[in-house]
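First the structure, in the form of structure tokens, and then the observations on it.
There are 2 protein chains.
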Amino acid sequence: MTELQNRQFKLTSRPVGMVKRADFDFATGAAGEPGPGEALVRVLYISLDPAMRGWMNEGKSYVPPVGLGEVMRAGGLGRVIASNDPSLAVGDTVVGMTGVQDYAVVKASQLTKVDPRLAPLPRFLGALGMPGMTAYFGLLDICQPTEGETVVVSGAAGAVGALVGQIARIKGCRVVGIAGGPDKCRYLTDELGFDAAIDYKKEDVGKSLRQHCPKGIDVYFDNVGGAITDAVFMQMNVGARVAVCGQISQYNNTKPEMGPRLLGMLIVARAKVQGFLITDFMPKFGPALVEMAGWVKSGAIKYREDIVEGFENLPRAFIGLLQGENTGKRLVKL
Amino acid sequence: MTELQNRQFKLTSRPVGMVKRADFDFATGAAGEPGPGEALVRVLYISLDPAMRGWMNEGKSYVPPVGLGEVMRAGGLGRVIASNDPSLAVGDTVVGMTGVQDYAVVKASQLTKVDPRLAPLPRFLGALGMPGMTAYFGLLDICQPTEGETVVVSGAAGAVGALVGQIARIKGCRVVGIAGGPDKCRYLTDELGFDAAIDYKKEDVGKSLRQHCPKGIDVYFDNVGGAITDAVFMQMNVGARVAVCGQISQYNNTKPEMGPRLLGMLIVARAKVQGFLITDFMPKFGPALVEMAGWVKSGAIKYREDIVEGFENLPRAFIGLLQGENTGKRLVKL
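Going down the list, the protein sequences come from chains A and B.
Counting from 0, one number per residue, gives the positions in the first sequence under numbering that gives the first Met the number 0.
Counting from 0, one number per residue, gives the positions in the second sequence under numbering that gives the first Met the number 0.
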């Protein structure tokens, strides 16, 4: 095992503002050996997620920050090539927090076995992985949309947003997506069946929302925050529900951005705003994955992966994700 | 009836910023006569509420604004002196939206009969009225505090806040109140049994919260908004719940105040923030009033009214309320 060359990107400095290539340090070394209860995984796909930006910051959050000099944390999919735990065998396909590297030693208890015959491998990091579960529980559990309601989703062409809108359509809602650029907007309406899409880079979001949400907004799934979210809050119906999944517009701020105070609007609308982390819903993943798999299989849910080839391109691909250049789930294929 | 002289304050201009005496016009005229289904009420107490500030503004809200030249809207308690509806008899004591005047013609269906033998009359506009129900449902229904949790309430010495803290104490919570000035803070800790009180006019609220909430904040009942609320949001525990009852710090702004964007904190804390209007809970008032009455009778809940004498003093008393000069429920006695 020790002859396996392991490429890694380590966190070398805490980014100030937007992430730079120089915040990562490329290194090579020998792959590790699995200790008791561990497995060695050959990573095939690395997942790029906006949440990774938060993990690069110092300070208390829902998980400890990545330490300086440590391999950058990331989700991944791979094959078990050595196992020191009875629950995993060589050849098993697994997902878990494998990090930005070719070979990862991971506790078997923190890996999830998937069946590669059920779907193309990248799907297990997308519609049938964390983004799928995030969309499913954030929309259905927190917002509980009902038929005929109007659902707005920001970051709508991203890994999570694209699924949120399609699940809302399945539930009989009117769905309006907010995304950046005409290509993403066409993708939402022409490929994914959104009722309308708003290009926040070109349109006055408030005005376009009034046009596309003539009955107001009942549900808002927020991936973005900032001025887009301000505009949505202005048009919430009585009893509106907001799931706060991400705030990608804010992640590279060096200090908290100021915005209009919004809490007063919640009184008038008797609205609920709830933040969530998908890891809290893990005990309920089983039946949700079955339902998602059915929708994907039937074509009720379409899904696009944005696959970047080559380990060396990962930092650039991650920076591009933070700048909104991806459509669908962004992965790096090793 | 028509010989009864009726004093009124009418809304004569929409305030810009803080309310001024000149926004109200004093008028006298004859009391009206009740039409079919209506009653004529001799008003004894007029309730002063922060919400009245919102009713003075133009624009869409949860109720239509008070029209210019119309009698200012307000809750009140009074005696029926003429009735044109079988549900009410002369001599009945009632509460309802009687407006800022001596005599009000109100639909019988919009008046609630109370039993004056059960409590002193002002109590029916306080602990056993809307403020009581607001505290009860906002805390117990929306925030669902459990024993041992830490509850923070802003506007803690006001009509609602004082009750919120005491109900939370009854439920076995640690209770920290935020109020303005040493007298109010002493009232909270020495008379009402709060565990701690923070004087926002003198103390660094964030620092004092850290001191008085060593286990973080599980529940926040917000009457105030603004910088006080920012400080609370910084210290929320995982699973925190926030009831947004009022935002009195914002009501006199001529344009939305800017503040740090807070939604990102909701993700880390998986927190829920919910705005509410007490009118939505009316169908559930019955058993809640019984429970509140029991707590008041047993002394588990103490309550102070801040009674201003004289109709002519109402505008000044209302402006003082918006500036935070009251401790407990402010009423005007006619």
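Ideal Cβ placement from N, Cα and C applies to all residues, glycine included.
Can you list, in chain order, the residues of its chain with a C-beta nearer than 8 angstroms to that of residue i? Leave out the 5 residues immediately preceding and following it.
{"i": "B:Phe-284", "result": "Met-132"}
{"i": "B:Leu-321", "result": "Met-17, Val-18, Pro-49, Arg-52, Ile-247, Tyr-250 and Asn-251"}
{"i": "A:Leu-288", "result": "Leu-127, Gly-131 and Met-132"}
{"i": "B:Gly-36", "result": "Asn-83, Asp-84, Lys-106, Ala-107 and Ser-108"}
{"i": "A:Gln-273", "result": "Ile-141, Arg-240, Val-241, Ala-242 and Val-243"}
{"i": "A:Thr-11", "result": "Ala-21, Asp-22, Phe-23, Asp-24, Leu-67 and Gly-68"}
Who are the near neighbours of residue i in its chain, counting only those whose CB is closer than 6 angstroms to its CB and skipping five residues on each side?
{"i": "B:Asn-251", "result": "Gly-16 and Met-17"}
{"i": "B:Ile-318", "result": "Val-18"}
{"i": "A:Asn-325", "result": "Asp-305"}
{"i": "B:Lys-271", "result": "Arg-240"}
{"i": "B:Lys-170", "result": "Pro-144"}
Look at residue i and residue j and say whether their C-beta atoms are less than 8 angstroms apart.
{"i": "A:Val-42", "j": "A:Gly-77", "result": "yes"}
{"i": "A:Val-243", "j": "A:Ala-126", "result": "no"}
{"i": "B:Phe-220", "j": "B:Val-150", "result": "yes"}
{"i": "B:Arg-6", "j": "B:Asp-101", "result": "yes"}
{"i": "A:Ser-108", "j": "A:Ala-38", "result": "no"}
{"i": "A:Ala-339", "j": "A:Ala-196", "result": "Here chain A has residues from 0 to 333 only, and residue 339 of chain A is not among them."}
{"i": "B:Arg-116", "j": "A:Gly-224", "result": "no"}
{"i": "B:Leu-47", "j": "B:Leu-276", "result": "no"}
{"i": "A:Met-71", "j": "A:Gly-98", "result": "yes"}
{"i": "A:Glu-304", "j": "A:Pro-63", "result": "no"}
{"i": "A:Gly-155", "j": "A:Gly-176", "result": "The residue asked about is misnamed: residue 155 of chain A is Ala in this sequence, not Gly. Yes, these two residues count as a Cβ contact at 8 angstroms."}
{"i": "B:Gly-164", "j": "B:Val-174", "result": "yes"}
{"i": "A:Met-257", "j": "B:Met-257", "result": "yes"}
For chain B, is any of its Cβ atoms less than 8 angstroms away from the one on residue i?
{"i": "A:Met-17", "result": "no"}
{"i": "A:Val-275", "result": "Per the sequence presented here, residue 275 of chain A reads as Phe, with Val not at that position. Cβ-Cβ to chain B under 8 angstroms: yes for A:Phe-275."}
{"i": "A:Tyr-61", "result": "yes"}
{"i": "A:Ile-227", "result": "no"}
{"i": "A:Glu-308", "result": "no"}
{"i": "A:Lys-271", "result": "yes"}
{"i": "A:Gly-258", "result": "yes"}
{"i": "A:Leu-265", "result": "yes"}
{"i": "A:Val-104", "result": "no"}
{"i": "A:Leu-262", "result": "yes"}
{"i": "A:Asp-279", "result": "yes"}
When the Cα of residue i is compared with those of the options, which residue comes out closest?
{"i": "B:Gln-234", "options": "B:Cys-212, B:Gly-75 and B:Pro-286", "result": "B:Cys-212"}
{"i": "A:Glu-290", "options": "A:Ala-155, A:Gly-98 and A:Leu-162", "result": "A:Leu-162"}
{"i": "A:Gly-281", "options": "A:Thr-11, A:Asp-140 and A:Val-65", "result": "Note that residue 281 of chain A is Met in the sequence shown, not Gly. Comparing Cα-Cα distances from A:Met-281 to each of A:Thr-11, A:Asp-140 and A:Val-65, the minimum goes to A:Asp-140."}
{"i": "A:Asn-387", "options": "B:Ile-45, B:Asp-198, B:Ser-60 and B:Ala-21", "result": "The structure shown does not extend to residue 387 of chain A, since chain A spans only 0 to 333, so no value can be given for it."}
{"i": "B:Gly-229", "options": "A:Pro-255, A:Leu-87, A:Gly-28 and A:Ser-46", "result": "In the sequence on display, residue 229 of chain B carries Asp and not Gly. When each option's Cα is compared against that of B:Asp-229, the closest is A:Pro-255."}
{"i": "B:Lys-201", "options": "B:Lys-9, B:Pro-181 and B:Met-71", "result": "B:Pro-181"}
{"i": "A:Val-241", "options": "B:Asp-203, B:Gly-263 and B:Ala-103", "result": "B:Gly-263"}
{"i": "B:Phe-310", "options": "B:Arg-13, B:Met-55 and B:Ile-45", "result": "B:Ile-45"}
{"i": "A:Gly-66", "options": "A:Ala-103, A:Ser-207, A:Ala-226 and A:Asp-24", "result": "A:Asp-24"}
{"i": "B:Arg-13", "options": "B:Met-257, B:Gly-298, B:Thr-253 and B:Lys-271", "result": "B:Thr-253"}
{"i": "B:Gly-75", "options": "B:Leu-124, B:Glu-304, B:Asn-56 and B:Glu-57", "result": "B:Leu-124"}
{"i": "B:Val-104", "options": "B:Ser-297, B:Pro-119 and B:Leu-87", "result": "B:Leu-87"}
{"i": "A:Asp-203", "options": "A:Ala-73, A:Ala-226, A:Gly-327 and A:Phe-193", "result": "A:Ala-226"}
{"i": "B:Leu-110", "options": "B:Ala-118, B:Val-79, B:Pro-119 and B:Leu-138", "result": "B:Val-79"}
{"i": "A:Tyr-199", "options": "A:Phe-193, A:Leu-208 and A:Gly-192", "result": "A:Leu-208"}
Using 8 angstroms as the limit for Cβ to Cβ distance, is residue i near chain A?
{"i": "B:Ile-247", "result": "no"}
{"i": "B:Met-129", "result": "no"}
{"i": "B:Asp-221", "result": "yes"}
{"i": "B:Arg-209", "result": "no"}
{"i": "B:Gly-164", "result": "no"}
{"i": "B:Thr-57", "result": "Here residue 57 of chain B turns out to be Glu, not Thr, going by the sequence shown. No, no contact with chain A."}
{"i": "B:Gln-7", "result": "no"}
{"i": "B:Gly-268", "result": "Looking at the sequence itself, residue 268 of chain B is Ala, so the reference to Gly does not match. Closer than 8 angstroms: yes."}
{"i": "B:Met-0", "result": "Low local confidence applies: a pLDDT of 46 at B:Met-0 is under 50, so the model's placement there is unreliable, with the coordinate-based value given in what follows. Chain A contact via Cβ: absent."}
{"i": "B:Gly-224", "result": "yes"}
{"i": "B:Pro-144", "result": "no"}
{"i": "B:Pro-255", "result": "yes"}
{"i": "B:Val-152", "result": "no"}
Here's a check: name, in chain order, each residue in its chain whose Cβ is nearer than 7 angstroms to the Cβ of residue i, leaving out the five neighbours to either side.
{"i": "B:Glu-190", "result": "Lys-301"}
{"i": "B:Met-0", "result": "Confidence in B:Met-0 is poor, its pLDDT being 46 and thus under 50, which makes the residue's placement unreliable; the coordinate value appears in the next sentence. So the qualifying residues of the chain are Ala-30, Glu-32, Leu-39 and Ala-81."}
{"i": "B:Tyr-135", "result": "Ile-166, Ala-287 and Met-291"}
{"i": "A:Leu-313", "result": "Phe-8, Ile-45, Val-99 and Val-331"}
{"i": "B:Ala-316", "result": "Leu-47, Val-307, Arg-329 and Val-331"}
{"i": "B:Ala-26", "result": "Gln-7 and Lys-9"}
{"i": "B:Gly-205", "result": "Ala-230 and Met-233"}
Three or more C-beta pairs below 8 angstroms linking the segment 209–224 of chain B and the segment 148–166 of chain B: yes
At least 3 beta-carbon pairs within less than 8 angstroms: the segment 267–285 of chain B vs the segment 90–98 of chain B: no
Does the segment 135–145 of chain A come within contact of the segment 177–187 of chain A, defined as at least 3 CB pairs closer than 8 angstroms? no
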